[in-house]
Structures are given as C-alpha cells and as structure tokens.
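Shown next, in structure tokens, is the structure this report addresses.
2 protein chains.
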Amino acid sequence: MVGPLEDLIRVLKRFPGVGEKTATRYAFHMLNASGDEVQDLIRAIKDVKDKLRLCSKCFHLTDKETCDICSDQRRDSDKICVVETPLDLMAVEKAAHFRGMYHVLHGVLSPLDAIRPNDIRVSELLERVEKDRVTEVILALNPTVEGEATASYIRDRLVDRDVAVTRIAYGIPVGGSLEYTDPLTLARSLDNRKKL
Amino acid sequence: MVGPLEDLIRVLKRFPGVGEKTATRYAFHMLNASGDEVQDLIRAIKDVKDKLRLCSKCFHLTDKETCDICSDQRRDSDKICVVETPLDLMAVEKAAHFRGMYHVLHGVLSPLDAIRPNDIRVSELLERVEKDRVTEVILALNPTVEGEATASYIRDRLVDRDVAVTRIAYGIPVGGSLEYTDPLTLARSLDNRKKL
Numbered sequence: 000m001v002g003p004l005e006d007l008i009r010v011l012k013r014f015p016g017v018g019e020k021t022a023t024r025y026a027f028h029m030l031n032a033s034g035d036e037v038q039d040l041i042r043a044i045k046d047v048k049d050k051l052r053l054c055s056k057c058f059h060l061t062d063k064e065t066c067d068i069c070s071d072q073r074r075d076s077d078k079i080c081v082v083e084t085p086l087d088l089m090a091v092e093k094a095a096h097f098r099g100m101y102h103v104l105h106g107v108l109s110p111l112d113a114i115r116p117n118d119i120r121v122s123e124l125l126e127r128v129e130k131d132r133v134t135e136v137i138l139a140l141n142p143t144v145e146g147e148a149t150a151s152y153i154r155d156r157l158v159d160r161d162v163a164v165t166r167i168a169y170g171i172p173v174g175g176s177l178e179y180t181d182p183l184t185l186a187r188s189l190d191n192r193k194k195l
Numbered sequence: 000m001v002g003p004l005e006d007l008i009r010v011l012k013r014f015p016g017v018g019e020k021t022a023t024r025y026a027f028h029m030l031n032a033s034g035d036e037v038q039d040l041i042r043a044i045k046d047v048k049d050k051l052r053l054c055s056k057c058f059h060l061t062d063k064e065t066c067d068i069c070s071d072q073r074r075d076s077d078k079i080c081v082v083e084t085p086l087d088l089m090a091v092e093k094a095a096h097f098r099g100m101y102h103v104l105h106g107v108l109s110p111l112d113a114i115r116p117n118d119i120r121v122s123e124l125l126e127r128v129e130k131d132r133v134t135e136v137i138l139a140l141n142p143t144v145e146g147e148a149t150a151s152y153i154r155d156r157l158v159d160r161d162v163a164v165t166r167i168a169y170g171i172p173v174g175g176s177l178e179y180t181d182p183l184t185l186a187r188s189l190d191n192r193k194k195l
C-alpha cells in the first residue's frame, strides 16, 4: 500500500471502535476532502489540545478561567450536581432539567485501581460546600460499585454539615419495558416507589 | 457546551457514518491523547494531503512518480487489471492472487451524471495497451449498469487490437449460501458454470 495513506490508517486505528475498514474510509474521506476542510479539522484538533482546560471552580472543560455554567448568574449556586466526567455533565445538561451548578470529580474511588480520595476532585467539592453556602449536593454517579463507594464517601464527609446529600433515582428507564429490565434495577425501582 | 470541543465535534461529524455520539467519542479520545499522539495524527493527515499524488502510469495513489506496483520488476507487465478506484485496486491486491499491473480509471461511464470517456482515465489505458505490449486486459469493474457500460466501451475500443479482454467472474461468494444469494447472481453463476 501507499506510505502516507498506510500511516494515516495506522494512526486512525487508535481511535475507539475504529478498525482497518473504518480507518480506510476516514483516510479516503480526508484524501478527497477540500484543503479548507482538512485545515478546519487540523485547527479544531489543535484548539481542543491547546485551548481547553479545567474550570477553576467545577473542573468541567472550558476555554476560559471559569466555565459558562459557573459564570451563569441565572443558575442556582446553592445546588451542586456531582458527576464523574465531563461527558456525564454534558448528559445531565442535555436533559435541560437541572439549573444548578456542577462538580466534576474526574474519576471515582477504586481501591483496586489505587484511586483514592486525593486522586479525584473531592476535597475541592467539600471546600465549595463550605464556602458557597450550598444547600444540596446531588450525587449523579454511575450505579457501579465504584460509583456507590464514592457516593458513600462523600455522604460521610458531609454528614455533619448543614447540607442535604441526595442521589439521582435508580429505576426503569422511560420508554423501557419491565420484561427487559434486569432484576436489580427492578428491585431498586420497587424500593423507590412513589405514592400517586 | 465548550467552544473548541463543540467545534471539533462539528468537524468530525462530516466524516462518513459519524454522528453526534461517535464524533464526541473521537473528540474526547483526542482530548485525552498524549501530545505526541495528536502530533502524529496531524502530521499523518498533512502527509496524505501533501505527498500523495497519482502514479503517472497506472493512476494509483503514490508518493513517488510511479507507484510501487508499476516499479516492481517482478510483476507481469503484459497483464493489466482495470479498476474503478484505488480502493478497488487495494481490494484486489489484498487477495494476493494477481501479479500483473493495474490501471485505475477514477470513475466509470455514466451518461446520467455526464461522465464521458474523456472524464475517466480510459485513453491512457488504450495508450498503455498499445505501447507496453499488453496481452490481456482484465476488467475488474463493479457489476453495476455503469460498470457494465464501461466494460463494453473498453472492449469495443480494443476489439481490433491483439489483446485479450476478460472480465472477472460473477458468481456465488465463497462461504456464501445459495439460499441467500439474489436471483440475478444465481442466474449469472449458472450461466458461468464450469466443467468439473
């Protein structure tokens, strides 16, 4: 095959879920794209690497000192939704239902992987709760062992402060069917039943 | 969302088969990749755009004046396999069964799209047949109306020259099943039956 093309395919295969065929399609797409389009792509990649950093307050990705969410005066600064990753934050934000602040931990506690409280942004969260008169901390962590452990840890650290610690509900997804819901989720959704 | 990230996702969505979710995954992959890896990617993209051109003989992609296949003295220069695109050439080459030369047309005849003989590399093929003492032209075009029309055109142009014009066989794919083969392919494979 042809050197530069082979080379690009090799690099593209490092992307998640991309194999030989997809990489080849992408490489040919770039080969046939206009010079402007390729310049656009290269600039966008560089910008993401050079301009993005973490918000000094909530640790979400931003190209400013504090992110757009933290700077938005119309949002409730007394509620903090705690998530594991910027992607999780973006998922919650997409629901367009929560109008408070966020805090991105950048990880969850995992003794097996030697990820301890100091390795994630948990002390910064505790500081914010102290300083910003936060009334509620909503834990929106994934329902995994590590997520649960992290939720417990944060709850324990906040138990003697004047702040409500809540967790998003586990249950049957909207549009889902009972038949295909796993037993654990069903058990949780029974436990968490609400009066009508 | 965050400017530079949004921007990269927008650009990545132009890739074939890439939607919002896949573009987001790729963008985060680049964000989390090492600086070296990203430099690698940018260099590979630039090289494909800057260094690749068409082989002066067969019009395959190459970073030299003539491609590796045309320069390979061990290959039979009297057989030319005619394909529509460089991807088709690479597919034939991957079968590792053909040891002759290639000719990439860069298109097929299509009156509806106003693609006429002068728009594809067909006159260059006829010249090569004349000049290089070619004994066989193997047409490896896709079994479409346009592919058939192009095959007929080339055969007609070569009919009074001393060269065999053949076409790759249509039939049941190896590993395929009769049950799931479309009627047209089955009809062709019956027509082209071989004595055992």
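So the sequences go chain by chain: Y and H. The first sequence begins at 0 in numbering that gives the first Met the number 0 and counts up one residue at a time. The second sequence begins at 0 in numbering that gives the first Met the number 0 and counts up one residue at a time. All residues carry an ideal CB built from backbone N, CA and C; glycine is no exception. Since the model is a prediction, treat every value here as computed from it, not as a measurement.
Just reading off the beta strand (DSSP E) that residue i is part of, what are its end residues?
| i | result |
| --- | --- |
| Asp-77 (chain H) | 75-82 |
| Leu-138 (chain Y) | 135-138 |
Here's the rule I'm using: 16 or more other beta-carbon atoms within 10 Å means buried, otherwise exposed. How should residue i be labelled?
| i | result |
| --- | --- |
| Tyr-101 (chain Y) | buried |
| Leu-124 (chain H) | buried |
| Lys-20 (chain H) | exposed |
| Thr-143 (chain H) | exposed |
| Val-133 (chain H) | buried |
| Pro-85 (chain H) | buried |
| Lys-17 (chain Y) | The sequence given here has Val at residue 17 (chain Y), not Lys. Flag for Val-17 (chain Y) reads buried. |
| Pro-3 (chain Y) | buried |
| Leu-88 (chain Y) | buried |
| Ala-93 (chain H) | Note that residue 93 (chain H) is Lys in the sequence shown, not Ala. Exposed, since its Cβ has fewer than 16 Cβ neighbours within 10 Å. |
| Lys-56 (chain H) | buried |
In terms of residues, what are the limits of the alpha helix (DSSP H) holding residue i?
| i | result |
| --- | --- |
| Leu-183 (chain Y) | 182-190 |
| Tyr-179 (chain H) | Neither: Tyr-179 (chain H) is in no alpha helix (DSSP H) and is coded neither H nor E. |
| Thr-165 (chain Y) | From DSSP, Thr-165 (chain Y) is part of no alpha helix (DSSP H) but of the beta strand (DSSP E) over 163-166. |
| Tyr-152 (chain H) | 144-157 |
| Phe-27 (chain H) | 19-31 |
| Ile-91 (chain H) | One point to set straight first is that residue 91 (chain H) is Val, not Ile, in the sequence displayed. 85-93 is the extent of the alpha helix (DSSP H) around Val-91 (chain H). |
| Val-10 (chain H) | 2-11 |
| Leu-40 (chain Y) | 34-50 |
| Ile-171 (chain Y) | That residue, Ile-171 (chain Y), is in no alpha helix (DSSP H); it is neither H nor E in DSSP. |
| Ser-70 (chain Y) | 67-70 |
For a quick check, are the C-beta atoms of residue i and residue j less than 7 Å apart?
| i | j | result |
| --- | --- | --- |
| Thr-65 (chain H) | Cys-54 (chain H) | yes |
| Arg-120 (chain Y) | Leu-104 (chain Y) | yes |
| Leu-60 (chain H) | Val-1 (chain Y) | yes |
| Arg-98 (chain H) | Asp-75 (chain H) | yes |
| Val-37 (chain H) | Leu-30 (chain Y) | no |
| Phe-14 (chain Y) | Tyr-179 (chain H) | no |
| Ser-188 (chain H) | Gly-170 (chain H) | yes |
With three or more C-beta pairs closer than 8 Å as the rule, is the stretch 133-144 of chain Y touching the stretch 164-175 of chain Y?
yes
Does the stretch 138-156 of chain Y come close enough to the stretch 98-113 of chain Y that 3 or more CB-CB pairs lie under 8 Å?
yes
Can you find at least 3 beta carbon pairs, one from the stretch 4-12 of chain Y and one from the stretch 27-43 of chain H, that sit closer than 8 Å?
Three or more pairs of CB atoms, one per stretch, sit closer than 8 Å, so the stretch 4-12 of chain Y contacts the stretch 27-43 of chain H.
Threshold first: 4 residues or longer. Then list the alpha helix (DSSP H) segments lying entirely within the stretch 103-134 of chain Y, N to C.
121-130
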